[in-house]
Every structure is written in C-alpha cells, then in structure tokens.
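Residue numbers (the working numbering), protein chains in the order written: chain A, 23 to 186; chain B, 23 to 186; chain C, 23 to 186; chain D, 23 to 186.
The structure is reproduced here in structure tokens:
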C-alpha cells in the first residue's frame with residue numbers, strides 16, 4: 023500500500039518534526055511513501071520512513087535522480103516540472119498534507135478532484151462551503167493523521183478491488 | 023495578450039452571468055482568453071468573448087477537438103487529463119477565477135506557485151496567513167476583475183520583456 | 023482545421039525552404055498550424071504561414087511566451103518539457119514531418135500510436151515491416167505533403183464528427 | 023540503479039522469452055526495472071525480474087494501480103496517458119528496447135533526445151544517417167543487451183555524480 027505525503031520544500035522545525043513522525047509511523051504500518059522527492063517536509067517524511075525501515079518513492083520534477091533527497095529509495099524522473107504534483111497524489115491511495123505552500127495547495131486540489139481523501143496537519147484552511155468534509159479531514163497529530171490516512175486507503179483499495 | 027479564466031465545469035446562473043461578462047470585457051480590451059475548453063464557467067467565458075469578437079483557446083484534457091465547447095476557436099488536445107490545468111494557468115499572463123470547485127483550487131495553487139497573479143470572483147477563500155495578498159486578489163465584479171487582471175498582465179509582460 | 027508540422031530545431035537551408043513552403047501552402051488553404059514554437063523547421067513553417075496570412079500556434083516546452091519564435095501568434099506555455107511533443111501531434115488532425123532529429127522521432131511515434139496520419143518529407147525512414155503504410159506516407163515535395171495532409175485531416179475530421 | 027525496459031503491450035512468444043530473460047538478468051545484477059507497467063513485453067520483463075528476486079516499477083498511463091500487471095511492485099499512477107512514456111525512459115539510467123510498436127518508437131525518440139543510451143533487441147531499425155551509433159546500439163541476445171545497458175548506466179551515473 024502506498025500513501026502520499028505532501029508539504030512544502032521549506033519547513034520549520036515543528037513541521038520537520040511532524041513530518042518525520044508521519045513517515046516513521048506510516049513505515050511502521052508497512053506503508054510505502056510517495057512524495058515529491060525534494061527538501062523540507064519531503065526530506066523529513068522520507069527520513070522518518072527510513073528510520074522505521076520503510077520504502078520511499080520520490081516523484082521528481084526534473085531529469086536528475088541525484089536531485090532527490092538522500093532518503094529517497096526510488097527516484098522517478100518525470101521531466102514535467104510541477105505538473106508532477108498530479109502524479110504524487112494519484113500514486114497514493116490517500117494523502118497526508120503537512121504544512122505546505124502553493125504547490126501543496128495544487129496537490130490538495132488535484133487529490134480532491136480525483137476523489138482521493140486528504141488528511142491535513144497544520145495545512146491550508148478553506149472556506150468550508152465548497153468542501154466535502156468526508157474527503158478533507160483536519161487532524162491534530164501525526165498519529166491521528168496516519169490512522170485516518172490508512173483507514174481511508176484501505177477503504178479506497180477495497181473499492182478499487184470491487185470495481186475490478 | 024492572453025489571460026486565463028478558470029472555474030467549475032458546472033456553474034449556476036449567477037456564475038454564468040459573471041463569467042460571460044468577464045469574457046466580453048476581456049475581448050473588448052483585445053485580450054485573448056485561454057481556459058479549459060469545457061462546460062460551465064468555461065463555456066460562459068468563451069461565449070462572452072465571442073459576443074465581443076474575441077479569440078478563445080481551450081486546453082482540453084482529452085484527444086478530441088470536438089469535446090471543446092462551441093465557443094472555442096482553438097482547441098488544444100493535450101491527452102494528459104487534469105494535469106492540463108497547469109498549462110491553462112501558465113499560458114495566461116494573469117488568471118481570473120470565477121467560482122470553482124477542486125480543479126480550480128489546483129489551478130490557483132499552480133498559478134500562485136509560478137508567481138502568476140490570480141484575481142478571484144466568488145471563488146475559494148483561504149487562510150490568509152499563507153497567502154501573498156499581492157498575488158491573490160479578491161474582487162466584487164467582472165469589471166473590477168478584468169481591470170486588475172489586465173493591469174497584472176501588463177506588469178508581468180513588461181517584466182518578461184525586461185528579462186529577455 | 024489545425025494541422026501539425028514537426029521537425030528539428032536546427033535546420034539547413036534546404037529544410038528551411040521546404041518548411042516555409044509547407045507553411046505557406048497550408049495557410050493558403052485556410053489551415054491553422056500547430057508546432058513546437060521554437061527554431062529551425064518550426065520558425066520556417068510559421069514564417070511561411072504568416073506570409074500567406076495564416077494563424078500559428080506554438081506549444082512551448084517552458085513557461086515563457088517570449089521563448090516562441092517571432093512568427094507564433096498563439097504561444098501555449100506548457101512547462102512540461104519535451105512531453106509537450108505529445109500535445110503538438112494530438113492538436114493536429116494530421117501531421118507533416120519535415121526533416122527532424124530525435125524529438126521528431128518521438129512525435130512520429132506518438133502520432134502513429136494515436137492513429138494520427140503522418141506525412142513525411144525528408145524525414146526518418148523506418149524498417150517497413152512494423153509500419154502501417156496508410157498511416158505513414160513519404161512524399162517528395164511540399165505541395166504533395168500539404169495535399170495529402172489536408173486529405174487525411176478532412177477524413178479524420180469526418181470520422182470524429184460521425185462518432186460524435 | 024534503475025534501468026528502463028520498453029516494448030509493445032502485445033508480444034509474441036519469442037519476444038516474451040527475450041524480455042523475461044532480460045528481466046531475470048537485470049535483477050540478478052541488482053538492477054531495479056522501470057517499465058510502462060502493462061502487458062506484453064512489460065509483463066514478461068517484470069515476471070523475469072521477480073523470478074530473480076528483483077524490484078519492478080510500473081509507470082501507468084491511468085489512475086488505477088490495479089491496472090498494473092501482477093509482477094509490478096511499485097505502481098506509479100500518472101493519469102497523463104501516453105505522455106507517461108517520457109517518464110519511463112527518463113527514470114532509467116539506460117534503456118533496453120525489446121520488440122515494440124509505435125509507443126516504443128516514441129520512447130526511443132525521447133530517450134535519444136535526452137542523451138539516454140538505448141540498447142535494441144529485435145526492435146526498430148532506422149535510417150543510419152540520422153542516428154548516433156554510440157547512443158543506439160543493436161544487440162542479438164538478452165545477455166548482450168543487459169551487459170551493454172549496465173555498462174551504459176554505470177557510465178551515465180558516474181557522469182551525473184561528477185556534475186553534482
């Protein structure tokens with residue numbers, strides 16, 4: 023099972039701590055992590071996952087596998103720039119958003135537009151009227167985010183299996 | 023000069039009226055319109071532009087030029103699905119968002135991430151802390167949105183010219 | 023009606039002459055041209071089209087409309103690098119290949135894979151066994167290429183209309 | 023180290039045998055395989071790799087991880103259709119082409135255009151004049167193809183490291 027973790031390439035200490043914990047707990051549950059493969063939240067989540075012996079996938083905007091952070095096991099070179107954000111979220115059965123700037127905003131939009139559940143942790147707040155609260159959930163801790171993301175991923179996997 | 027207009031493929035009468043007026047006024051100012059080429063706000067803005075003799079470009083998710091709405095002059099068939107949202111906003115010198123669902127949210131994220139000014143009209147509201155208020159402006163009428171979008175586009179065009 | 027013209031960004035005088043003639047004759051027949059928007063064959067075909075009062079569309083790999091050659095009327099900024107080659111061929115109802123290097127090879131592959139007819143003029147030769155000769159036709163002159171491309175485009179347009 | 027294997031989604035018994043052997047030998051050498059994740063040559067190469075305990079990555083055109091063949095460990099859902107061909111070749115340090123139809127042709131073009139070495143096995147033949155024979159090599163057996171692909175990948179990896 024693969025879950026996406028998204029967030030800004032620049033992260034303060036609080037976000038780094040949260041993202042590292044998210045990565046650690048996902049890996050402890052046997053979940054592979056897909057992210058954008060670069061710095062900030064992306065480095066932190068991959069580092070956490072590797073500390074728990076997990077597997078990490080980085081969907082890179084450019085052509086160079088060495089542009090990935092050092093904790094990425096599988097660098098995917100897309101060469102399509104920030105359109106790669108679409109691939110990050112589609113590759114996860116669910117998405118955890120930790121902090122985040124404009125790139126994260128685009129990823130949340132792409133995920134929700136594709137009916138992929140997004141679990142937020144210190145990330146964007148939206149005008150609630152437009153939002154499906156089943157699809158976008160705000161959490162307060164890494165453990166809560168990981169639990170909800172795994173639940174959502176299991177549910178979506180079962181749905182996919184049943185359609186197939 | 024090309025300006026992007028984004029918004030939901032399903033639009034109520036109020037949004038249709040606003041988007042049609044936006045298209046009309048952009049075309050009156052000699053501005054070409056790029057949009058996603060499909061229904062709702064996209065059809066309305068193209069219809070408005072054609073009523074004022076403008077030129078309309080539709081960046082389609084699929085392969086079939088006939089999937090474009092009837093007011094699109096130039097259908098671009100991308101075949102890359104909703105990753106085409108990136109191309110819609112990059113092709114505009116500025117962006118006007120009228121209403122909008124999750125696809126529009128992804129487009130606002132991509133635009134802001136690329137430093138492309140976004141002018142909002144009955145669209146998403148965000149947690150202001152994360153937002154650059156010079157880059158994302160909320161307006162109350164089609165005329166105000168069109169004026170600000172043209173000002174922003176002229177400014178960005180001058181910047182591009184000076185870099186070149 | 024839009025027809026794609028593909029070919030190398032570096033072109034010798036013979037190819038420039040051929041591509042200019044292709045652009046001129048397409049525009050004389052009221053056909054809009056889509057190409058990659060950059061140099062060599064792309065500049066030549068746009069120049070020819072403008073001499074006959076045509077309309078030219080450039081699908082750019084990057085973000086800057088000013089990177090288009092001076093004969094492009096409508097610059098589409100994709101930001102997806104050479105993956106934009108897919109969009110160039112999909113946007114045409116048929117494709118003319120004038121000369122060409124590796125990028126052109128990828129475009130011929132994408133076009134044929136999508137059942138889009140390709141008309142070649144001094145371009146790649148292939149092992150005939152793998153090729154559908156109805157889909158890939160070799161011609162000897164710009165006029166022959168333009169005539170065949172328009173015939174193929176008309177046929178495909180009728181097919182699209184009938185499916186719709 | 024990741025090497026890409028490309029080839030048609032429909033393959034006769036000879037190609038299946040060749041591709042399975044390619045996958046087996048790459049995995050024996052500790053190389054991860056990236057491919058398009060679907061049928062024919064793609065299934066065969068993944069099956070061979072798994073028989074030798076390797077790791078397989080499938081870059082899918084669509085949104086559904088269950089569309090991958092059963093031997094794919096890591097399904098990447100791109101949602102960008104056949105533009106995903108670009109990502110398949112960019113993710114490999116070198117490319118092996120086994121048989122192949124039009125999609126493979128596009129992938130060879132994208133690889134060569136990016137200076138990624140391609141090793142051919144029963145694949146397209148080209149007009150030699152346009153081709154760099156250092157970049158595109160024809161081989162006669164899976165072992166020869168695998169050896170050359172690994173040599174080329176090691177060389178390219180060293181180059182990337184030195185640039186970094």
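Glycine residues also receive a C-beta, built at the ideal position from the N, C-alpha and C atoms.
Work out the CA separation of residue j and residue i for me, nearest whole Å.
i: residue 105 (chain B); j: residue 126 (chain A); result: 15 Å
i: residue 139 (chain C); j: residue 148 (chain C); result: 15 Å
i: residue 168 (chain A); j: residue 179 (chain B); result: 45 Å
i: residue 18 (chain A); j: residue 29 (chain B); result: Nothing can be reported for residue 18 (chain A): it is not among the residues displayed for chain A, which extend from 23 to 186.
i: residue 144 (chain C); j: residue 121 (chain C); result: 5 Å
i: residue 166 (chain B); j: residue 43 (chain B); result: 11 Å
i: residue 59 (chain B); j: residue 38 (chain B); result: 15 Å
i: residue 83 (chain B); j: residue 89 (chain B); result: 9 Å
i: residue 66 (chain D); j: residue 69 (chain B); result: 51 Å
i: residue 77 (chain D); j: residue 32 (chain A); result: 32 Å
i: residue 41 (chain C); j: residue 54 (chain B); result: 28 Å
i: residue 49 (chain A); j: residue 117 (chain A); result: 15 Å
i: residue 63 (chain C); j: residue 123 (chain B); result: 41 Å
i: residue 154 (chain D); j: residue 174 (chain D); result: 14 Å
i: residue 128 (chain D); j: residue 107 (chain D); result: 7 Å
i: residue 162 (chain D); j: residue 181 (chain D); result: 27 Å
i: residue 186 (chain C); j: residue 45 (chain B); result: 27 Å
i: residue 35 (chain A); j: residue 176 (chain B); result: 40 Å
i: residue 158 (chain A); j: residue 134 (chain B); result: 21 Å
i: residue 183 (chain C); j: residue 156 (chain C); result: 21 Å
i: residue 61 (chain B); j: residue 170 (chain D); result: 52 Å
Once the 5 residues before and after residue i are set aside, which same chain residues still bring their CB inside 7 Å of it?
i: residue 56 (chain C); result: 24, 26, 79, 81, 110, 113 and 114
i: residue 130 (chain C); result: 119, 140 and 146
i: residue 74 (chain B); result: 46, 49 and 50
Run through the DSSP bridge pairs and tell me what residue i is partnered with.
i: residue 68 (chain A); result: In DSSP, residue 68 (chain A) forms no bridge with anything.
i: residue 120 (chain C); result: C:29 and C:143
i: residue 97 (chain B); result: B:80
i: residue 24 (chain A); result: A:54
Can you tell me where the alpha helix (DSSP H) with residue i in it begins and where it stops?
i: residue 102 (chain C); result: Where residue 102 (chain C) is concerned, there is no enclosing alpha helix (DSSP H), given that its DSSP letter is neither H nor E.
i: residue 44 (chain A); result: 35 to 50
i: residue 74 (chain C); result: Taken as a continuous stretch (DSSP letters only), residue 74 (chain C) belongs to no alpha helix (DSSP H), as it is neither H nor E.
i: residue 167 (chain A); result: 164 to 185
i: residue 138 (chain B); result: Neither: residue 138 (chain B) is in no alpha helix (DSSP H) and is coded neither H nor E.
i: residue 106 (chain D); result: No alpha helix (DSSP H) contains residue 106 (chain D), which DSSP labels as neither H nor E.
From which residue to which residue does the beta strand (DSSP E) around residue i run?
i: residue 55 (chain A); result: 54 to 57
i: residue 158 (chain B); result: 158 to 161
Measuring alpha carbon to alpha carbon, tell me which residue in the options is nearest residue i.
i: residue 102 (chain A); options: D:181, D:31, D:184 and D:132; result: D:132
i: residue 92 (chain D); options: D:107, D:71 and D:108; result: D:71
i: residue 47 (chain D); options: D:63, D:183, D:164 and D:156; result: D:164
Going by beta carbon distance, what residues of the same chain come within less than 6 Å of residue i, once the five residues before and after it are set aside?
i: residue 142 (chain B); result: 119 and 160
i: residue 94 (chain D); result: 59, 68, 78 and 80
Who are the Cβ neighbours of residue i in its own chain at under 8 Å, not counting the five residues just before and after it?
i: residue 86 (chain C); result: 99
i: residue 96 (chain A); result: 77, 78, 79 and 80
i: residue 51 (chain B); result: 168 and 172
Compute the minimum distance between the beta carbon of residue i and the heavy atoms of the ligand SAM, and state whether it is under 7 Å.
i: residue 69 (chain A); result: With respect to the ligand SAM, the structure offers nothing, as it holds no ligand at all.
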